[in-house]
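Numbering follows the numbering used here, with no gaps: position 5 of the sequence shown is 1398.
These notes are about the structure you will find just below.
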Amino acid sequence: MTNIQKKLDNYITAEMAYWDFSGVIRIVQKGAVLYETSRGYANIAFGIKNTMQTRFVVASVTKQFTAFAIMILYDKGLLALEEKANRYLPADMQLPSDITVHQLLTHTSGLHNNYNFEDDFYVGEDRKPYNKKQFFTNWIVREPIKKSGEYFDYNNSNYNLLAWIMESVSGQTYNAFLQEHIFSKLGMNDTIFDNGQDILLNKASNYIHDYGVLIRVPCWEGLFSKTVRGAANRL
């Protein structure tokens, strides 16, 4: 172990004493792995520990891949960022007319934010079988909370809509588009879309602390990656 590796090991080990960390760490410099370690469990019930081959759901990190996909379509001249979002959405999934693609990207659409505790979204809707049209009707097309373009509100619905725009414009599924235009181009061979149903090798179970008690996360859909590189929301 080199001097810098020893320093990294000492620093990370000390930090881990303060945090209940479960996952993997890999530090790469100029293509060479300087340090890597795996901690905690991929599945607590069966006592399966994380390894460097464990794959993790990366939740909202997916948003950057959704934005990446939109910018690929922009570079290809297939959409304009300042154009109204409705131009690129299906005819039966239309928003208030003044919302632009750029406002969805920057969380300034003013749309109702359904991902909140008041609506019990996470303990109700998020556990049901997913239907795109029902999701759009029940949770997105509501009275906007703000005028578009004037207020920042981190809202997952913006990125649901961007994913649907990407699918509508490209004619591909979210999974197929990212695989062809991003993952394969960048050599991200261990990153894939998780639909919540397929059996995926080396996938870690998801856990959260609920008032100090470790429990299973009820529902997660999105990308998952062996190395934490990937990313979005349910489509």
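Yeah, the Cβ is synthetic: ideal placement off N, Cα and C, and Gly gets one too.
The model shown is predicted, which means the values in this text are computed figures rather than measured ones.
- Excluding residues up to 5 positions away in sequence, L1427 lie with their Cβ nearer than 7 Å to the Cβ of V1421 in the same chain.
- Where I1405 is concerned, the enclosing alpha helix (DSSP H) starts and stops at N1396 to M1409.
- The beta-carbon separation of V1494 and L1472, rounded to 6 Å, stays under the 8 Å limit for a contact.
- When DSSP states are grouped into helix, strand and coil, Y1604 belongs to the coil group.
- Within the DSSP secondary-structure output, Y1547 pairs in no beta bridge.
- If only complete runs of 4 or more residues are kept, the stretch 1414–1478 shows the alpha helix (DSSP H) at 1455–1468, in order along the chain.
- Cβ-Cβ distances below 6 Å link I1533 to S1550 in the same chain, with the five nearest sequence neighbours on each side left out; the list follows chain order.
- It is roughly 12 Å from the alpha-carbon of L1555 to the alpha-carbon of R1480.
- Annotation: the continuous alpha helix (DSSP H) that includes F1570 extends over Y1567 to L1571.
- Straight through space, the alpha carbons of K1469 and D1603 are spaced by roughly 45 Å.
- According to DSSP, residue pairing for K1596 in a beta bridge involves R1448.
- Beta bridge pairing from DSSP links T1493 with K1477.
- For Q1487, there is no enclosing alpha helix (DSSP H), as DSSP gives it neither H nor E.
- In this structure, A1478 places its C-beta atom within 7 Å of the C-beta atom of L1497.
- Taking a 10 Å sphere around the C-beta of E1536, we find fewer than 16 other C-beta atoms and assign the residue as exposed.
- Annotation: N1582 to T1444 spans about 17 Å, alpha carbon to alpha carbon.
- In the DSSP assignment, F1528 falls within the unbroken alpha helix (DSSP H) covering K1525 to F1528.
- Between the alpha carbons of N1507 and V1451 lies a gap of roughly 21 Å.
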